């Protein structure tokens, strides 16, 4: 009977920290651990990032994004969360515009704009 024990080698977790600058005219509120509200001249956005296991802190005109992990997953997670916050800031200061092009290849569809609503008729070959 072999009574030897296997040694598990584990690398310690590292705290990754990145900073996001808060421009003038933008208010940011952080509710621990990871709920953020960004307010600017074009409106207000709120996002709960606690599912990502990050910690957010305000520090003299900057948002500190902290993540405890290791390797590429940790680096990609902190980069993704930082980008989401930057996009929130862009949204409340400059706004976003999406241009879509509708292409129908098999079934013909008709698209109408009535006020601020887009109406798509004959979608997926429907007949009424």
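In my numbering, the protein residues as written are 13 to 140. Ideal placement from N, C-alpha and C gives every residue a C-beta, glycine not left out. These numbers come from a predicted model, not from an experiment.
Bridge partners for residue i per DSSP, in chain order?
{"i": "residue 67", "result": "78"}
{"i": "residue 107", "result": "BP columns for residue 107 are empty, so no partner."}
{"i": "residue 49", "result": "41 and 58"}
{"i": "residue 32", "result": "75"}
{"i": "residue 124", "result": "131"}
{"i": "residue 26", "result": "81"}
With burial defined as no fewer than 16 other Cβ atoms inside 10 Å of the residue's Cβ, what is the status of residue i: buried or exposed?
{"i": "residue 61", "result": "buried"}
{"i": "residue 100", "result": "buried"}
{"i": "residue 48", "result": "buried"}
{"i": "residue 55", "result": "exposed"}
Is the beta carbon of residue j closer than 8 angstroms to that of residue i?
{"i": "residue 64", "j": "residue 97", "result": "no"}
{"i": "residue 9", "j": "residue 82", "result": "No information on residue 9 is available, as it lies outside the stretch 13 to 140 that the chain covers here."}
{"i": "residue 38", "j": "residue 69", "result": "no"}
{"i": "residue 80", "j": "residue 31", "result": "no"}
{"i": "residue 131", "j": "residue 124", "result": "yes"}
{"i": "residue 86", "j": "residue 66", "result": "no"}
{"i": "residue 50", "j": "residue 40", "result": "yes"}
Measuring CA to CA, which of the options is closest to residue i?
{"i": "residue 120", "options": "135, 113, 76 and 53", "result": "135"}
{"i": "residue 107", "options": "41, 57, 91 and 128", "result": "57"}
{"i": "residue 26", "options": "104, 103, 78 and 40", "result": "78"}
Return yes when the C-beta of residue i is under 7 angstroms from any heavy atom of the ligand SAM, and no when it is not.
{"i": "residue 46", "result": "The ligand content of the structure shown is nil, which means the ligand SAM is not present either."}
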